Every structure is written in C-alpha cells, then in structure tokens.
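Top to bottom, those sequences are chains A and B. Be aware that the first sequence starts at 3, since it is given in our numbering, and climbs by one per residue. Be aware that the second sequence starts at 32, since it is given in our numbering, and climbs by one per residue. Glycine included, each C-beta is placed from N, C-alpha and C at the ideal position. In this text, all values refer to a predicted model and were calculated from it rather than measured experimentally.
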Amino acid sequence: MVAAMKSESNLEKVLARGLFAVTGELGPPRGADADAVREKAKHLKGRVDAVNVTDNQTAMVRLASWAASILLLQEGLEPNYQMVCRDRNRIAMQSDILGAAALGVKTMLCLSGDHQAFGDHPKSKKVFDLDSIQLIGMVRKMRDESKFLSGQDITKAPKMFIGAVENPFGRPYEFRVHRLAKKIAAGADFIQTQCIYNMERFREWIRQAVDMGLTEKAYILAGITPMKSLKMALYMKDNVPGLDVPDWVIKRLEGVDKKKQADEGIAIACEQIEECKQLKGVAGIHLMPIEWEHRVPEITERAKLLPRPIFQ
Amino acid sequence: MIIAEKKQLEEIKAMLQGYRKVLNVGCGGCTSVCLAGGLKEVEDLCTQLTISLEGDRVVFEAEGYTVERQCEPHFLAQLDEIVKPYDALLSLGCGAGTQLLAERYPDKPVFPALNTVFIGVNRDIGWYEERCKSCGDCVLGMTGGICPNALCAKGLLNGPCGGPKDDHCEVNAEVPCAWIRIYERLKAQGRLENILTICPAREWQDQVQGTLILQPYRDRYAKKDK
C-alpha cells in the first residue's frame with residue numbers, strides 16, 4: 003500500500019507492514035504537572051503503537067498537547083500530537099508543527115476542535131483560521147514540498163504521519179464517506195473514527211470506503227470505547243452528539259449484575275475488536291477508554307492485541 | 032442591515048456620570064429600523080434617563096435630536112449649532128455613526144447608547160438574525176446562499192464537523208447546522224460537486240481598517256505629486 007516511509011513514525015511502520023494497529027489516548031492535566039502525564043503513560047506503554055494527546059479537549063485549558071507529546075517521547079511512547087483549529091492561526095500552527103517535529107514528534111492528528119463555548123473560557127476570541135481539511139493540506143505541503151502554506155521554503159521539512167478523524171454516524175450520512183474522501187485527498191494518511199457501537203452501520207460505511215478506493219490510500223482505525231456501566235451507555239446514547247448506541251448494547255448491560263457491567267462492557271468491546279480485525283478496510287483500532295486508562299492493559303490483553311510490535 | 036441593541040440603562044448612566052446636559056442623537060437609518068435608535072427610542076431614552084437620574088437626585092437634562100443617518104457627514108451638518116450647549120452627546124447610531132459624530136465634534140465627549148451586534152435580516156417583528164460577517168470574500172455562490180462564516184459556529188469552509196446533534200449545531204441547539212443546510216440545498220439544486228472538492232484556506236481580508244474608494248473617484252483623491 004504505502005511505498006516509502008513518510009515519517010518513520012512507529013504507527014506508520016506498524017500500518018505499512020500490514021499489522022493490525024492499536025492507538026490509545028491521553029488527556030493532559032489541568033496543571034503544570036508532568037508527573038500526571040507520566041502516570042497515565044504508564045498504563046499505555048507497550049500496549050499501544052501510538053498515544054493520542056488531546057489538545058485542550060472540550061475547550062478546557064490543559065497542559066499543551068505539544069508539551070505532553072514531548073513528555074511521552076521521554077517515557078518511550080509515540081505521541082499522536084493532536085492539533086485543533088479553534089485556538090491557533092496558520093502562523094502559530096506551522097510554528098508548533100516545526101517545534102514538535104524538531105523534538106521528535108512524528109505523528110499528528112488534525113481536527114476542527116470543540117467550540118470554545120463548551121469550555122472554561124467561553125468568551126475567548128475564536129480563531130478557526132483554517133478548518134481541519136485545510137490543516138491537513140498544510141501539513142502535507144510542509145512535509146512533501148518543504149513549503150509553508152504561503153509557498154515559501156522551509157529549511158527542514160517536518161516529517162509527520164498525518165491523521166484525521168471521521169464520524170461514520172454523523173449527518174448527513176450520505177455525505178460522510180465523501181468528507182472522508184476529502185480528508186484523504188487533502189493528505190490524511192490515517193483516519194481514526196469516533197467510537198463505534200453500531201457495527202452494522204459501521205460495516206456499511208467501511209464497505210463504501212473500500213468501494214471508493216479510499217482504504218487503498220489511507221489507513222482506517224475504528225474507534226472503540228468500552229462501556230464502563232449501564233449508566234454510561236444510557237448517557238452516551240442520549241447525550242453525545244453523533245454517537246449511535248444500539249439497543250442491544252443497553253440490553254446486554256441491563257442483563258448483568260451491576261458489579262459485572264464493567265466486565266460486560268469490556269467483553270462487548272473485545273467482540274467489536276475481533277470483528278474489526280476481520281473487516282476488510284479496517285487497519286486497526288483506536289482505543290478510547292474514557293477516564294479508564296488503567297484498564298488498557300486488561301483490555302488489550304483480553305482482545306488479544308499484545309504484544310505490540312517493536313522496531314529497532 | 033446593521034443591527035444594534037440598546038445597552039443596559041445602568042451602563043449608560045455610568046458613562047454619563049458627571050455630565051449634566053446631554054444630547055441624545057438618534058439615527059433614521061438602520062438603528063431606526065431595528066427599533067434601537069430612532070426618533071421614538073431617542074424620546075424614550077430621554078425620559079428613562081431623566082426619571083432615573085431624578086431618582087438618584089442627580090441634576091441632569093437630556094434632549095433628543097434624530098438625524099437622517101449618522102454615517103453621512105452632510106446629514107450631521109445640521110447638528111453643528113445644535114450641539115453647542117451640551118456637555119456630552121449620547122449616540123443612538125451604530126458604531127460607525129457614533130464615530131463620525133465623535134470625529135465631527137472632537138471637543139465633545141461622545142458615548143454609545145447601543146452595542147452594534149451584526150449585519151443581518153429581519154425575520155419577523157422584533158426578531159433579527161445575523162447573516163453576514165463582512166469578510167470581504169463572499170462565497171455564497173459556492174454554498175447555495177448560506178454563509179459558512181456567519182452561520183457555522185466554527186466558520187468551516189469544508190464542513191460539517193463531527194458535532195451536529197439532531198441536525199442542529201453542537202454549540203447552539205436552536206441553530207440548524209449550516210453545513211447540513213448547505214448540503215441539502217446544493218443537493219436539491221443538483222450542485223453537490225461544489226462541496227465535494229476541497230475549499231482552500233481563506234485569505235482573511237479584515238487585516239487593517241477597511242477603506243474603499245470607487246474606481247471612478249480615485250483620481251479625485253489621489254495624492255498629487257508636487
């Protein structure tokens with residue numbers, strides 16, 4: 003599929019060799035606390051190929067994603083450095099990308115970002131100088147042409163493996179696969195989806211992506227979030243935009259003792275992961291155990307995802 | 032048109048503290064139409080201020096005068112004699128008109144009674160909605176007549192984002208997702224190809240104060256070389 007390495011990133015190496023990839027996620031703390039990052043990183047080391055580092059998620063100020071990414075590198079993990087469009091203009095974005103690359107970051111994820119209204123500084127000035135698709139294009143231009151968005155030369159190109167996010171269940175449904183196509187045309191090398199529970203609809207979406215030839219151009223990782231409890235499942239079903247939680251998930255969690263719900267949630271996730279391994283066009287999974295990072299070792303073990311490949 | 036709304040009375044009173052004789056200057060243009068700064072609103076504000084400041088036992092006198100449009104210098108000319116006896120002017124024009132007033136009478140403190148909020152349309156009586164950000168680079172042709180800058184909370188040119196809930200914006204559940212609307216309108220017109228291609232990064236036009244001199248008049252204002 004992919005000829006020469008674009009970035010030498012660990013994630014790229016796993017995917018280029020046709021191995022089923024696993025990525026994880028880490029939300030930095032709301033303080034100047036490097037140890038908090040290291041603590042979360044401990045649960046992920048050796049269990050995932052790269053770790054998403056969120057960028058002021060839900061517009062709440064957190065330790066910068068570039069800084070947490072460097073901390074992860076120091077701990078021997080590969081960061082997937084997230085950058086949103088909400089807070090930075092193209093000058094700051096390009097500058098941060100050069101900085102991150104100079105310090106060893108090789109994988110990044112380009113997103114629009116949650117609107118500032120959700121966060122702790124709702125009246126701050128919104129930026130959105132670029133949207134996520136324009137950001138993807140800009141990073142690709144920096145990497146492959148060694149040029150800034152302005153067209154001027156970069157002295158040393160940042161070699162980034164470029165990621166993007168897509169939501170197979172967002173409206174308008176018929177347009178989602180075309181938006182995926184736009185992101186890939188812009189330069190996305192890999193795509194992580196929002197978390198999936200409705201496997202039937204996911205299968206349909208991935209089939210469309212395969213039919214359009216998109217899975218030949220980019221690697222798609224299915225988002226998996228294990229349900230911790232029935233309460234969580236019900237909350238996510240009713241309150242989270244763009245999420246489709248089918249009734250069978252609720253029924254299975256209802257069918258077990260409260261103490262066993264977490265275990266059942268993990269069991270469901272493992273079944274989904276097993277199916278993803280067999281599904282044509284799915285190159286891996288993106289594991290997002292929300293505030294449950296300490297269960298990653300158990301989940302990756304039960305889902306038979308270990309050991310992770312190591313490259314010299 | 033330009034939509035403005037009146038500031039809270041307390042804020043206006045705080046601005047006018049120490050001034051005893053104030054002229055409230057109304058505008059017969061946009062702020063009249065959106066019921067914020069026309070003849071009637073000027074009279075109402077004079078009354079409100081007088082009663083409120085009387086209650087505070089402050090010596091105060093407010094009178095009103097409404098011009099055709101505050102953004103037009105020759106309409107302001109009629110105020111030249113009128114403003115003389117006043118300590119301060121309270122403008123019920125938009126931010127632009129208020130500034131022209133302040134420029135014309137630089138020795139008089141000029142205060143804004145209104146907050147200028149957006150360029151928009153009249154949906155119904157007393158209901159105005161933003162439609163335009165005056166970005167200077169109109170893409171309405173591409174989006175089927177729906178502005179992605181004014182109506183998409185993230186100003187996306189390659190939307191929608193992953194956020195819409197029940198076809199409404201994740202930020203404001205009252206507002207339909209602009210990009211779902213754009214998609215549906217273009218689909219109905221058979222013009223979906225507009226949004227299948229990537230829209231490149233904008234060249235934002237609002238870098239410095241905007242000035243527009245129409246081509247036929249450029250010679251008139253050109254700096255003459257000595």
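- Assignment of D155(B) by DSSP, reduced to helix, strand and coil, places it in the strand class.
- The shortest CA-to-CA distance from M214(A) to any of M229(A), R181(A), C197(A) and Y199(A) is the one to R181(A).
- Between the alpha carbons of R216(B) and T157(A) lies a gap of roughly 45 Å.
- If one requires a minimum length of 4 residues, the alpha helix (DSSP H) runs lying completely within the segment 105-172 of chain B are 110-113 and 126-135, in chain order.
- Under the DSSP assignment, M110(A) falls in the beta strand (DSSP E) whose first and last residues are T109 to L113.
- Contact annotation, S126(A) with C192(B): C-beta distance approximately 19 Å; criterion of less than 8 Å not satisfied.
- Each of V73(B), L84(B), L66(B) and G60(B) was checked against the Cα of K44(B), and the nearest Cα belongs to L84(B).
- Rounded to the nearest whole angstrom, the C-alpha separation of A6(A) and G190(B) is 32 Å.
- The beta-carbon of V202(B) is placed less than 9 Å from the nearest beta-carbon of chain A.
- In the displayed model, N58(A) falls within coil according to three-state DSSP, outside both helix and strand.
- Separation of H199(B) and P104(B) (C-alpha to C-alpha, rounded to the nearest whole angstrom) is 44 Å.
- Taking a beta-carbon distance threshold of 9 Å, T228(B) counts as an interface residue toward chain A.
- Note on the segment 221-294 of chain A: whole alpha helix (DSSP H) runs with a minimum of 4 residues are 232-241, 249-256 and 263-280, in chain order.
- With contact defined as three or more Cβ pairs closer than 8 Å, the segment 92-108 of chain A and the segment 166-179 of chain B are not in contact.
- Residue range S134 to D146 is occupied by the alpha helix (DSSP H) that includes I138(A).
- Contact with chain B is found for I135(A), since one of that chain's Cβ atoms lies less than 9 Å from the residue's Cβ.
- With fewer than 16 neighbouring CB atoms inside 10 Å of its own CB, Y252(B) falls in the exposed class.
- If you draw a 10 Å sphere on the C-beta of W158(B), you find fewer than 16 other C-beta atoms in it, and that means exposed.
- Three or more pairs of CB atoms, one per stretch, sit closer than 8 Å, so the segment 125-144 of chain A contacts the segment 182-196 of chain A.
- Here the C-alpha atom of Y50(B) lies approximately 37 Å from the C-alpha atom of L243(B).
- Here the segment 281-298 of chain A lies against the segment 218-227 of chain A, with 3 or more beta-carbon pairs under 8 Å apart.
- Taking C-alpha positions only, G68(B) is separated from E134(B) by approximately 19 Å.
- Within the DSSP secondary-structure output, C58(B) pairs in a beta bridge with V98(B).
- According to DSSP, E92(B) shares a beta bridge with K52(B).
- Distance from the CA of E276(A) to the CA of N180(B), rounded to the nearest whole angstrom, comes to 43 Å.
- Around the Cβ of C230(B), a 10 Å sphere holds 16 or more other Cβ atoms; the residue is buried.
- About 6 Å separates the beta carbon of R173(A) from that of I211(B), a gap short enough to meet the 8 Å contact definition.
- The three-state secondary structure of I193(A), taken from DSSP, is strand.
- The beta carbon of N189(B) falls within 9 Å of a beta carbon belonging to chain A, placing the residue at that interface.
- Among the bridge pairs identified by DSSP, L28(A) is matched with V55(A).
- Interface flag for R233(B) against chain A is set, since a Cβ pair is found closer than 9 Å.
- Contacts between I211(B) and chain A, judged by CB atoms closer than 7 Å, involve R173 and P174 in chain order.
- No residue range can be given for I244(B), since it is assigned to no alpha helix (DSSP H) and is classified by DSSP as neither H nor E.
- Going by DSSP, G86(B) is part of the alpha helix (DSSP H) stretching over L70 to G86.
- Runs of the alpha helix (DSSP H) lying entirely within the segment 202-251 of chain B, each at least 4 residues long, are 209-219 and 224-227 in chain order.
- In the structure shown, the three-state DSSP call for P299(A) is helix.
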